[in-house]
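Have a look at the structure below before the remarks.
Chains as they are written, first to last, in my numbering: chain A, 166 to 461; chain B, 25 to 463.
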């Protein structure tokens, strides 16, 4: 009897695997094996032309001693996350809240706000290059003469602004579904107790949205740590390394430099993964620790 | 029972998959008559040796016209060599990245462009085939090529690439702006003082929406070294073991180069909202620029009304100086058909092919025998760029850490231009960073 149920379980499991096999095979080949190989490469010296040579921790040591990484890429990346994530989270929450009211042309506005998210980031980058060119629309409207993308003081902020502009739409949509999940009965009960609009927002909406906020912040943080294509298209890490982030540095070491340093680049990629993992865990602690209702 | 249903489900899925495959095969068998017709054409050309050797050839595609030119040469080759099929696979986007990953995965083309700036990395790692034996079989000698060019692709006494063409920098000047300022056109005898005096007179900032600057000074490592050479300096030591960017000659050159913008008689292309000074020259907003022969077809297409001339860059206190940009055809060390690949390379770098390229105006021939061609006699602008190779010109190559050297030169200039860093400090900082990379 026991043996029969065991066998049944095995067959059931096999059936399950059979059904997910198309996805599983692709995942194993293109994600898991590549990921494992990248970890292996991070312990080697590899220039693409000769087979990888075991290097131990030398690559990691070189990364941690690299001036460009310590002085530019690392602080730039954190600066990017710390500025972009709060603004885009707040902005998309406000947008979602506005879209949740009974406005006229609600669908029209939803589409408009979501549009940047479905447009290719390279295309949006090109549009922003034109807008912020010295003789571009932005300078013409404001009467300024700043060369936004060629000035080390401003270039990074233009890229940040662009990222907020493109991602807020998606995050708004996520917040919107979260808002619509909140039962109306809770609001009604609050109204009977005499709560005003602001109180309802801060004591009902925000706490009820906590799991959604955690999701949005996590996705935002991970996305910001990995920012690459906009920088590649708009500034190529310049002017004067002011927009060099960790991912751009990985690309530079792996492909752009005359001397290819695939091992060192892989080591930095592993380090970036660890950073993201640590930050996400920390975030979970903070958001979970601040209240209940995160079971999801 | 449950199991049976599941089994049935799985079977249905499989059957669906199979029937889907079956459908596609039946669809494919429908146009059978066409296949028959194709076999007939094969029979017609049965005179041709049956086994065609296929060689794959890659390069970057810089412009549609240049691609068309290469394709026409390859067509000519296919007519003359029916036994070799050349598959042209241009790489758009990041050429070096695509090439290196294809070498790493063993799928690289048989023949590909190698740029002077990074070819040595390939040769030193045995990714390129030494060509000397193949050259000997077809009677091609190193002496047929301009020495500076063939030497640039030589490593440990072996030739690893046949230079397909080259460019140097010429000083392009806008004739209308010179006429307007009442200045005589520049000559090959000009010096730095003449350049500066002319830039002062040519600058016209009266229209804030369309300022005209005398001279454009991009923070470009492909322009600035000319001034270092002209001041008797060097970017790297002869054996590339150390940089000389913090030497007095280089610092003084940087001071001169950056002084144009400080004195508001020069500008960076980005100041005027362009990525490339060629566009600004065409628009008449930069009266003088240092560019290569690639600017000639660009102006012909985009700014056909701009009247201009080209002379050699004005000499500095240390004499003449120039940069040589060149690209060679290299053959993969892993090619299965080295002889066929060599035939293609030999054809593309032959005198006849190079003459076609020269007459299109894209680049200058690497063969000595074309130095006195009629085309150069009738086109003084191209001749100025060709002759640049004889006056203090050095290859655009800085050794194993070349990209670091380029980055640091660009950054030093940007710091001077945008952060007003004192020139000696900027050059010292660049040199220190390069030395760190060299270690």
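Ideal placement from N, C-alpha and C gives every residue a C-beta, glycine not left out.
query = Does the count of Cβ pairs from the stretch 370-384 of chain A and the stretch 342-354 of chain A closer than 8 Å reach three?
reply = yes
query = Where does residue 348/B sit, in a helix, a strand or coil, going by DSSP?
reply = strand
query = Are there three or more Cβ pairs, one per stretch, closer than 8 Å when the stretch 163-182 of chain B is compared with the stretch 297-312 of chain B?
reply = No: fewer than three Cβ pairs fall under 8 Å.
ask   = Within this structure, are the beta carbons of residue 268/A and residue 334/A separated by less than 8 Å?
value = no
request  = Could you please tell me which residues of the stretch 180-214 of chain A, in chain order, have their CB closer than 9 Å to any CB of chain B?
outcome  = 180, 183, 184, 211, 212, 213, 214
request  = From the DSSP output, in three-state form, read off residue 162/B for me.
outcome  = coil
task = Return the Cβ separation of residue 222/B and residue 312/B in integer angstroms, given the expectation that the two are a contact with Cβ distance under 8 Å.
result = About 7 Å; that satisfies the 8 Å criterion.
task = Assess, as a yes-or-no matter, whether the stretch 95-109 of chain B is touched by the stretch 360-371 of chain B under the definition of 3 or more beta carbon pairs within less than 8 Å.
result = yes
message = Here's a check: name, in chain order, each residue in its chain whose Cβ is nearer than 7 Å to the Cβ of residue 182/B, leaving out the five neighbours to either side.
response = 154, 156
key: Selected residue, minimal CA-CA separation from residue 23/B, among 423/B, 195/B, 434/B, 272/B   = Beyond the ends of chain B as shown, which are 25 and 463, falls residue 23/B; an answer cannot be given.
ask   = Taking all protein chains shown into account, do 16 or more other C-beta atoms lie within 10 angstroms of the C-beta of residue 295/A, making it buried, or fewer, making it exposed?
value = exposed
request  = List the residues of chain A that residue 151/B touches, going by C-beta distances under 8 Å, in chain order.
outcome  = Within chain A, the residues near residue 151/B are 214.
request  = Would you please verify whether the beta carbon of residue 298/A is less than 8 Å from any beta carbon of chain B?
outcome  = yes
key: Reference residue 423/B; option with closest CA among 422/A, 238/A, 230/A   = 422/A
query = Relative to the alpha-carbon of residue 433/A, which residue among 217/A, 194/A, 415/A, 302/A has its alpha-carbon at the smallest distance?
reply = When only C-alpha atoms are compared, the closest one is 415/A.
request  = Have a look at 303/A, 435/A, 396/A, 242/A and flag the residue whose alpha-carbon is nearest the alpha-carbon of residue 226/A.
outcome  = 435/A
request  = Going by CA-CA distance only, name the one from 234/B, 92/B, 432/B that's closest to residue 404/A.
outcome  = 432/B
query = Roughly how many angstroms separate the alpha carbons of residue 352/A and residue 371/A, rounded to a whole number?
reply = 12 Å
request  = Would you kindly work out how many angstroms separate the C-alpha atoms of residue 286/B and residue 272/B, rounded to a whole number?
outcome  = 20 Å
inquiry  = Using only CA atoms, which one of 386/A, 431/A, 361/A, 221/A lies nearest to residue 449/A?
reply    = 386/A
query = Going by Cα to Cα distance, which pick from 425/B, 448/B, 88/B is closest to residue 143/B?
reply = Closest option to residue 143/B, Cα to Cα, is 425/B.
Minimum Cβ-Cβ distance from residue 155/B to chain A less than 8 Å = no
inquiry  = Given a cut-off of 8 Å on the beta-carbon distance, is the pair residue 292/B and residue 441/B in contact?
reply    = yes
key: C-beta neighbour in chain A for residue 125/B, strict 8 Å   = yes
Residue 313/B - containing alpha helix (DSSP H), residue span = Note, residue 313/B: premise wrong, no alpha helix (DSSP H); beta strand (DSSP E) at 310-315.
request  = Using a threshold of 8 Å, state whether the C-beta atoms of residue 330/B and residue 308/B are closer than that.
outcome  = yes
task = Quickly, what does DSSP pair residue 182/B with across the bridge? List them, please.
result = 179/B
Through-space distance from residue 273/A to residue 61/B, alpha-carbon basis = No answer about residue 61/B holds up, because its pLDDT of 47 lies below 50 and its placement is not dependable.
request  = Just tell me which of 104/B, 409/B, 113/B has its CA closest to the CA of residue 91/B.
outcome  = That would be 113/B, whose Cα lies nearest to the Cα of residue 91/B.
query = According to the neighbour-count rule (16 or more other Cβ atoms, all chains shown, within 10 Å of its Cβ), is residue 172/A buried or exposed?
reply = exposed
task = Just mark residue 302/A as buried or exposed, buried being the case when its beta carbon has 16 or more other beta carbons within 10 Å.
result = exposed
inquiry  = I need the straight-line Cα distance from residue 104/B to residue 372/B, nearest angstrom please.
reply    = 12 Å
key: Delimiting residues of the beta strand (DSSP E) encompassing residue 240/A   = Segment 239-265 is the alpha helix (DSSP H) holding residue 240/A; no beta strand (DSSP E) there.
key: 3 or more residues per run - each beta strand (DSSP E) lying fully within the stretch 182-222 of chain B   = 186-191, 194-198
message = Measuring only the C-alpha atoms, how far is residue 447/B from residue 317/A?
response = 18 Å
message = Suppose contacts are defined by Cβ-Cβ distances below 8 Å. Is residue 191/B in contact with residue 320/B by that definition?
response = no
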